[in-house]
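In our numbering, the protein residues as written are 1 to 165.
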């Protein structure tokens, strides 16, 4: 069993350190073909306009012309009343942001737990994973069982952490 594990670790190390020239593709395409440069994105389809038909003739729907949104004015183009309104809106938004930050500081333990760094489940996953690997390295039938169980528990905590992310 020990030889099998060492062989698998050696195989993984060799597979991860293989040279780049074995791959037949390049991440950078120096010559862009004409068809790649002129691709057009399909128009978005509304769900209520999807139709199914068994007839041979295609179904055409009436489409309305596209509307363009009005371009917003810059601050310099606004008149005095619009500028005053804009400043009031900005002040209210800033006050809301400051209030939200003060509430986050008042939360206490939850806010400080978020700042601490590694999550509790991730810590447990790392601990159980390390214990499992060490137990497998020590070898012996009992340690193989303990190492396998510890690795499984570590994977469970890791998946639990991933689900919450």
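For every residue, glycine included, the Cβ atom is placed at its ideal position computed from N, Cα and C.
How would you call residue i, buried or exposed, if buried means at least 16 neighbouring beta carbons within 10 angstroms?
i: residue 154; result: buried
i: residue 147; result: buried
i: residue 185; result: Only positions 1 to 165 of the chain appear in the structure, and residue 185 is not among them; the question remains open.
i: residue 76; result: exposed
i: residue 117; result: exposed
Among the options, which one has its Cα closest to the Cα of residue i?
i: residue 48; options: 57, 63, 56; result: 63
i: residue 165; options: 143, 130, 120; result: 120
i: residue 127; options: 12, 103, 156, 138; result: 156
i: residue 7; options: 137, 159, 143, 145; result: 137
i: residue 86; options: 73, 152, 3; result: 73
i: residue 129; options: 158, 88, 99; result: 158
Are the Cβ atoms of residue i and residue j separated by less than 8 Å?
i: residue 135; j: residue 125; result: no
i: residue 122; j: residue 161; result: yes
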